[in-house]
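Student:
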Amino acid sequence: MADKQHLYLVDGSAYIFRAYHRLPPLTNPEGTPVGAVYGYTTMLWKLAEDLDKAEGPTHLAVVLDKSSQSFRNEIYDQYKANRPDPPEDLVPQFPLIRDATRAFSLPMIEEPGVEADDMIASYARAAAAKGWDVTIVSSDKDLMQLVGTSEQGGTIDMLDTMKSARIGPAEVEEKFGVAPELVGDVLALMGDSVDNIPGIFGVGPKTATKLIQDHGSLTAALDAAPEMKKSKLKERLLEHRADAELSRILVTLKEDCELPIAIDDMKLGKIPPEPLAAFLTQHGFGSLLRRLEGGNGGPGPKTQLHPAKPQNPDEAHAPQGNSQPLPEMPAIDRSAYACLQSVEQLDQWIEKAFAARLVAVDTETSALDAMQADLVGVSLAIGPNQACYIPLGHFNEGGGGDDMFAEKPQQIARETALAMLKPLLESDAVLKVGQNIKYDLNVLARHGIAVAPIEDTMIVSFALDAGRSQDGIGGGHGMDELAQRHLGHTCLTFKEICGTGKKAIPFGEVPIDRATEYAAEDADVTWRLYTHLKPRLAVEGGTRVYERVDRPLIPVVAGMERHGIKVDRQQLAALSERFARETARLEGEIHEIAGQEFTVGSPKQLGDILFDKMGYKGGKKGKSGQYSTDQSVLEKLDATGAPIATKVLEWRQLAKLKSTYTDALQQAINPKTNRVHTSYSLVGAQTGRLSSTDPNLQNIPIRTEIGREIRQAFVAEEGNVLLAADYSQIELRLAAHMADVAPLREAFAAGEDIHARTAQEMFGSVDRDTRARAKTINFAILYGISRWGLAGRLGIEADEAQDLIDIYFARFPGIQRYIVNTMETVRECGYSQTLFGRKTWFPRINSKNQAERQGSERAAVNAPIQGTSADIIKRAMARMGPALAEAGLKPDAPDGVRMLLQVHDELVFEMPEGLVEQARPVIQSVMADAAGPAIELTVPLGVEIGTGRNWDDAH
DNA sequence: CTGATCACG
DNA sequence: GACGTACGTGATCAGG
């Protein structure tokens with residue numbers, strides 16, 4: 001096969017303008033705007049990746065405008081005189097385009113006195129004349145004249161990388177109605193207001209096309225003018241003939257420019273990785289850098305990424321928050337906020353927000369539940385103190401929200417305002433920043449608005465500072481705390497505005513001026529926090545986990561929350577009733593044994609009854625001066641033959657199940673959707689795990705037969721099934737990988753029962769007892785072992801436990817080294833890291849309090865393992881939608897595959913029965929491959945999948 | 001509001 | 001010399 005040469009000519013200057021308007025306003029770690037540069041970089045990357053493909057380049061060069069002066073200015077001094085100045089934040093990006101091109105080691109052509117279009121035309125013709133194929137990477141209509149095939153058989157086409165569309169002769173004809181060689185004639189008639197090419201006044205694309213179609217050429221059309229029947233058009237053609245002829249010259253591309261670089265020297269090879277890596281690092285393009293290092297088909301050579309120890313010890317003790325100089329910002333001034341009560345005002349604000357390209361958004365609602373609350377208002381901020389509040393659902397005290405006679409303050413009709421906001425909130429070109437924006441996503445999704453692209457200051461804070469805050473609501477990432485810590489500002493609190501407890505009023509009843517101060521401040525603070533926190537990500541190594549793991553997850557989790565899961569109310573009600581009967585019976589029996597009535601549910605009363613009145617031994621008082629009556633104590637009593645202990649244990653189980661599950665879940669059913677919608681927190685667990693609240697669906701019973709009956713109440717819709725996909729032993733597998741434990745790795749690779757294998761190694765034989773003990777030891781390892789802890793669990797003495805630990809370390813070399821290394825690193829740096837770079841801080845790791853310190857040490861050993869597992873399932877979740885869509889499985893559609901729940905190492909889906917066999921392999925492979933390509937694990941990730949009508953059957 | 005207890009991974 | 005034992009969560013209840 002004779003390989004045909006294929007030259008790609010990239011119209012760099014034109015691209016950057018389009019990229020600027022298409023992409024959000026990103027900045028690099030130094031604060032330089034780089035959104036357009038990022039777009040340019042990804043485009044070059046994609047082109048370079050196509051090197052080996054059929055339609056891909058063999059040769060490639062970038063053509064840039066050196067100056068806007070050319071021969072055209074000499075013949076027409078008004079040429080391009082109307083060009084507006086480029087936007088302020090685009091100007092500094094021009095030189096970066098050159099840097100980017102050099103970073104890719106690509107030939108770059110920029111000649112003074114010649115426009116890029118002419119240079120592209122000259123190269124394209126020269127290459128086509130040699131019989132090469134040419135692709136012009138641009139969508140500039142002027143260049144469409146060039147499309148076609150040369151006598152030597154070389155084709156010239158165009159590629160619009162933003163729309164991934166090829167433009168050949170057919171596409172040109174579709175656009176202009178004429179063949180490519182006549183495009184210049186059409187353009188000459190049309191003119192171009194941006195380049196200030198006059199054309200013929202009053203002739204637009206439609207008329208121009210028709211004239212050329214009818215007469216065959218510009219000259220013929222102009223010549224035919226005198227014979228036309230009397231019309232405005234005829235007059236204009238006659239009067240402005242000279243303009244058209246001048247325009248024809250201006251739109252003609254100069255195809256004989258001197259070629260500064262020989263075409264043969266534009267050969268495209270493998271891109272040298274070093275300069276590219278330096279460039280990507282400088283501008284904080286973490287995702288590309290990761291691909292380069294991960295060798296994922298990127299343009300660079302394959303290299304293995306080494307999940308690193310934290311590199312920068314100085315970071316450890318850098319004070320958080322004020323370590324960076326605060327960007328100069330005026331103090332918060334609530335009197336500067338605007339309250340938008342008319343369509344005109346809102347219109348102006350939306351326009352300003354489009355221009356700002358970065359807007360902080362916050363919604364105010366009537367309640368905390370995003371699935372039920374009514375929208376009361378929206379606030380926006382586009383700069384410090386430049387914030388507004390748009391009241392939408394306010395009413396005066398006493399009136400009801402839906403009471404049409406209630407007195408309402410002046411406000412824009414809700415649907416009108418939302419229709420106006422929708423284009424802004426959905427525009428690709430405007431970044432929407434929120435504090436916990438998942439909430440706003442859900443509220444607005446219920447009004448048909450799909451907010452994107454998004455940023456979240458809470459998630460940014462979590463990527464930077466997980467674990468740093470000692471305590472506090474929102475895990476230390478709540479807005480009031482962040483404002484205090486980073487901006488030194490005390491926010492108005494919700495309590496101050498709405499009151500607390502019984503006297504609390506819904507936000508809709510807050511007077512509008514007061515509501516404006518509160519709501520607009522939230523948006524203002526969010527805007528400020530974003531500008532303050534975002535740059536820290538790149539500096540402190542948080543970009544990868546934020547951009548690649550957590551940020552993409554926000555809309556995914558929001559979708560899961562909106563889907564909810566169906567629970568069978570009747571089934572729960574029946575269980576509640578049964579549990580009520582049995583607890584009542586048990587209570588009577590317990591009172592009888594005790595010889596008096598008391599509150600069984602009170603540990604204090606129970607302790608007194610058991611150990612004082614009834615005189616059982618083994619009572620231990622804790623620091624509260626109260627006997628402990630927990631499960632282990634009661635089980636010991638039970639073993640000594642105390643019938644009351646058995647009954648109390650049974651009572652507790654049923655009471656727990658009834659109050660926490662069968663009663664509470666019925667209440668949690670959303671009356672509108674008839675489903676249960678949990679709320680996931682993305683910052684709930686310091687290790688990076690999700691947590692679930694209202695209700696918590698991550699602790700639904702499974703371990704006991706009676707508990708599993710509750711799980712059976714979680715069901716699929718009619719005609720659907722639930723599919724549960726579990727990672728098997730993921731944390732042990734990760735421990736085997738991260739600590740490089742050869743015997744464990746081999747056992748996993750061979751698909752062995754890992755606890756049995758451990759039992760074999762440790763005790764020399766496998767039976768029920770040794771396997772159970774081995775399982776306990778395996779978990780002990782993951783949690784940071786102590787001889788006393790293990791002794792307690794196994795019911796042996798501490799020194800026996802120590803012997804077992806020693807045997808474990810000897811049999812599984814690597815584990816001890818991993819533990820010691822991790823603790824040393826954390827002591828030194830203050831944080832641990834997952835394989836994907838997620839940090840967890842341990843501020844008490846060097847505490848003088850031994851218990852505190854040892855607690856931190858165990859947590860620090862566990863965090864990289866638990867956190868890596870969390871990263872992996874999060875990556876799987878983010879990829880699941882696109883993977884299902886590609887397989888035609890319609891993620892999120894009512895008749896497609898819907899992802900409903902995440903339980904740390906398990907994902908639960910709902911789907912029509914008929915899709916199961918198609919969905920199973922997709923889900924399986926997305927989950928099993930979720931660590932790659934960034935991380936190549938030395939153990940396979942096992943995924944077990946089951947299906948059934950209910951959640952229990954799906955296991 | 002805190003501590004004890006117990007549901008999950 | 002005493003401490004207090006596995007990591008990570010959230011909901012509920014009793015009691016101050």
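In this text, residue positions in the first sequence follow the UniProt record's numbering: the first is 1, and each later residue adds one. The C-beta atom is built at its ideal place from N, Cα and C for all residues, glycine as well. This structure is a prediction, so every number in the text was calculated from the model and none was measured.
Near Ala742, which residues of its chain fall below 8 Å by C-beta distance, leaving aside the five closest residues on each side in sequence?
Tutor: Here the set comprises Pro813 and Gly814.
Student: One question on the structure: do Val63 and Leu146 come within less than 8 Å of each other, judged by their Cβ atoms?
Tutor: No, the Cβ-Cβ distance between Val63 and Leu146 is not below 8 Å.
Student: So the candidates are His532, Ala278 and Val676; which of them puts its Cα closest to the Cα of His486?
Tutor: Here the closest residue by C-alpha is His532.
Student: Would DSSP call Asn385 helix, strand or coil?
Tutor: In the structure shown, Asn385 sits in coil (DSSP, three-state: anything other than H, G, I, E or B).
Student: Since Glu55 is in the alpha helix (DSSP H), which residue starts that stretch and which ends it?
Tutor: It is not in any alpha helix (DSSP H) - Glu55 carries neither H nor E in the DSSP assignment.
Student: Mind checking Gln152: buried by the 16 CB within 10 Å criterion, or exposed?
Tutor: Under this definition Gln152 is an exposed residue.
Student: Identify the residues that DSSP records as bridge partners of Ser832: which are they?
Tutor: For Ser832, which the question treats as bridged, DSSP gives the partners Thr840.
Student: Looking at C-alpha atoms only, which residue of Ser217, Ala747 and Leu238 is the closest neighbour of Glu227?
Tutor: Nearest of Ser217, Ala747 and Leu238 to Glu227, Cα basis: Leu238.
Student: Going by C-alpha to C-alpha distance, which of Ile271, Glu245 and Met329 sits closest to Gly184?
Tutor: Minimum Cα distance to Gly184 is reached at Glu245.
Student: Do you know how far the Cα of Gly688 is from the Cα of Thr599?
Tutor: Each residue's Cα considered, the two are about 40 Å apart.
Student: Within the chosen definition, does the region 22-33 reach the region 413-429 through at least 3 CB pairs nearer than 8 Å?
Tutor: Contact holds: three or more Cβ-Cβ distances are below 8 Å.
Student: DSSP has Ile197 in a bridge; who is on the other side?
Tutor: According to DSSP, which records beta bridges pairwise, Ile197 is partnered with Asp192.
Student: Which whole-angstrom value describes the C-beta separation of Ala645 and Leu637, a residue pair presumed to lie in contact below a C-beta threshold of 8 Å?
Tutor: With 8 Å as the limit, Ala645 and Leu637 qualify as a contact, their Cβ atoms being about 4 Å apart.
Student: Rounded to whole angstroms, what's the CA-CA distance from Lys230 to Ser217? Just pull it up for me.
Tutor: Using only the alpha carbons, I get a separation of about 21 Å.
Student: Going by DSSP in three states, Asp953 sits in which element: helix, strand or coil?
Tutor: Note: Asp953 maps to coil in three-state DSSP.
Student: Return the chain-ordered list of same chain residues with a C-beta closer than 8 Å to the C-beta of Leu90, the five sequence neighbours on each side being excluded.
Tutor: Taken in chain order, the residues that qualify are Ile16, Phe17, Tyr20, Pro33 and Ala36.
Student: Can you list the beta strand (DSSP E) stretches of 3 or more residues lying completely in the region 749-802, in chain order?
Tutor: As far as the region 749-802 is concerned, it has no whole beta strand (DSSP E) run of at least 3 residues.
Student: Mind checking Ala128: buried by the 16 CB within 10 Å criterion, or exposed?
Tutor: Buried, because 16 or more other Cβ atoms sit within 10 Å of the Cβ of Ala128.
Student: In terms of residues, what are the limits of the beta strand (DSSP E) holding Lys534?
Tutor: Taken as a continuous stretch (DSSP letters only), Lys534 belongs to no beta strand (DSSP E), being part of the alpha helix (DSSP H) at Ile512 to Val539.
Student: Give the single residue among Leu790, Ser786 and Asn720 whose Cα lies nearest to the Cα of Ala772.
Tutor: Here the closest residue by C-alpha is Leu790.
Student: Going by DSSP, what residues sit across from Pro33 in a beta bridge?
Tutor: Answer is Thr27, bridged to Pro33.
Student: May I have the straight-line CA-CA distance separating Leu835 from Asn862, to the nearest angstrom?
Tutor: Leu835 and Asn862: Cα-Cα distance of roughly 13 Å.
Student: Please determine, among Leu375, Gly383 and Ala381, the residue with the shortest C-alpha to C-alpha distance to Pro391.
Tutor: Measuring from the Cα of Pro391, the nearest candidate turns out to be Leu375.
Student: What does the alpha-carbon distance come out to for the pair Arg578 and Lys647?
Tutor: Their Cα atoms are separated by approximately 16 Å.
Student: Just to confirm, is the Cβ distance from Lys267 to His59 under 8 Å?
Tutor: In contact: Lys267 and His59 (Cβ atoms closer than 8 Å).
Student: Cα-Cα, which of Gly764, Met144, Thr825 and Ser679 is closest to Trp841?
Tutor: Of the listed residues, the one whose Cα sits closest to Trp841 is Thr825.
Student: Assign Cys498 to one of three DSSP states: helix, strand, or coil.
Tutor: Three-state result, Cys498: helix.
Student: In terms of residues, what are the limits of the beta strand (DSSP E) holding Thr155?
Tutor: Taken as a continuous stretch (DSSP letters only), the beta strand (DSSP E) holding Thr155 covers Thr155 to Asp160.
Student: Can you grab the Cα-Cα spacing for the pair Val186 / Ala165, in whole Å?
Tutor: Near 23 Å, if we compare the C-alpha coordinates of Ala165 and Val186.
Student: Take the Cβ of Trp788 as the centre, count every other Cβ of all protein chains shown within 10 Å, and call the residue buried at 16 or more, exposed below.
Tutor: Exposed, by the Cβ-count rule.
Student: So, with DSSP's three-state summary, where would you put Pro313?
Tutor: Per-residue confidence for Pro313 stands at a pLDDT of 36, beneath the threshold of 50, marking its modelled position as unreliable; the derived number appears in the next sentence. Pro313: helix per DSSP, three-state reduction.
Student: Classify Ser765 as buried or exposed, calling it buried when 16 or more other Cβ atoms lie within 10 Å of its own Cβ.
Tutor: So Ser765 ends up on the exposed side.
Student: Taking just the CA atoms, how far does Lys46 sit from Glu181?
Tutor: Approximately 30 Å, taken between the alpha carbons.
Student: State the CB to CB distance for the pair Tyr808 and Ile777, rounded to an integer number of angstroms; the pair is presumed to be in contact (CB under 8 Å).
Tutor: Yes, Tyr808 and Ile777 are in contact; Cβ-Cβ is about 6 Å, under 8 Å.
Student: According to DSSP, simplified to helix, strand and coil, what is Thr947?
Tutor: Residue state, collapsed to three classes: strand.
Student: Which partner residues does Ile390 have in the DSSP bridge list?
Tutor: Beta-bridge pairing links Ile390 to Val378.
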